[in-house]
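Student:
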Amino acid sequence: MYRVLESVDVNAAFDMYSKACTLYEQEDRGRFAMDIYKKAVSLLVRNKKYDKAIEMLKRETQVLMKLSSRTHLYKAYLSILILIFAIGDDVEAGKQFSIMCGQDAGFAHSEEAEIAEDLLKAYDQRDQELLEKTVRLQHMTFLDNEIVKLARLLTVPGEVLSQKNFQPNLDEDEDDLR
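Take the sequence shown: its letters are residues 0 to 177, numbered as in numbering that gives the first Met the number 0.
As structure tokens, then:
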């Protein structure tokens, strides 16, 4: 039912996803909402509603913390940072990264944190080459497909996407969808 609504009214579809997640959260059964969170975030990113996608991912992180699901939590953290970069606020991304490291000491030692540090470094040094290299790392492909696509379109301020990244590699995207 949600899929049909997505093509007709994005906001109504998001509201339904959000209400479904709220029901699970209220019943302390957030683990059953994981697929719904993912679908909502994908829908929002596809429709460039990054602020709402960040809010939804933050809700998901609260559930993941309760479940002690560190692997998924760290992916959600990295996804949030990518969305903040997409909005164009690298200063806020740095602040959020510090908060995330403070909330979970393990995050600072994770591969997702290393990627986040490289993204922050690329923005700080205005190094488009480092940014493009970082978003092409294999570990990035473990994120939601829409987040990966968005990450590959990021540019540091004052730079443009290089030609090799301007044309999406359709073979890679097909592999991501499997």
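Just so you know, even glycine gets a beta-carbon here, dropped at the ideal spot from N, CA and C. Fair warning: this is a prediction, and the values are worked out from it, not measured in the lab.
Taking C-alpha atoms, which residue in Gln127, Gln124 and Val134 lies nearest to Glu111?
Tutor: For Glu111, the nearest C-alpha among the options comes from Val134.
Student: Measure the beta-carbon distance from Glu59 to Ala75 and round it to whole angstroms, keeping in mind my assumption that it falls under 8 Å.
Tutor: About 5 Å separates the two Cβ atoms, so the contact holds.
Student: Tell whether a beta-carbon distance below 8 Å holds between Ala150 and Leu119.
Tutor: Going by C-beta atoms, Ala150 is not nearer than 8 Å to Leu119.
Student: In angstroms with no decimal places, state the Cα-to-Cα distance between Asp174 and Asn10.
Tutor: Any reading at Asp174 is ruled out, since the residue's pLDDT is 44, under 50, leaving its predicted position unreliable.
Student: Measuring straight from C-alpha to C-alpha, what distance separates Gln95 and Lys57?
Tutor: Going from the Cα of Gln95 to the Cα of Lys57 covers about 11 Å.
Student: On the criterion of 16 or more Cβ atoms from any shown chain inside 10 Å, does Gly157 qualify as buried, or is it exposed?
Tutor: Per the 10 Å Cβ criterion, exposed.
Student: So what does DSSP say about Thr21, is it helix, strand or coil?
Tutor: Thr21 falls in the helix class under three-state DSSP.
Student: What does a CB cutoff of less than 7 Å around Met99 pick up in its chain, not counting 5 residues either side in sequence?
Tutor: Answer for Met99: Tyr76 and Phe106, listed in chain order.
Student: Taking DSSP as the reference, what is the three-state secondary structure of Asp123?
Tutor: The answer is helix: DSSP assigns Asp123 an H, G or I state.
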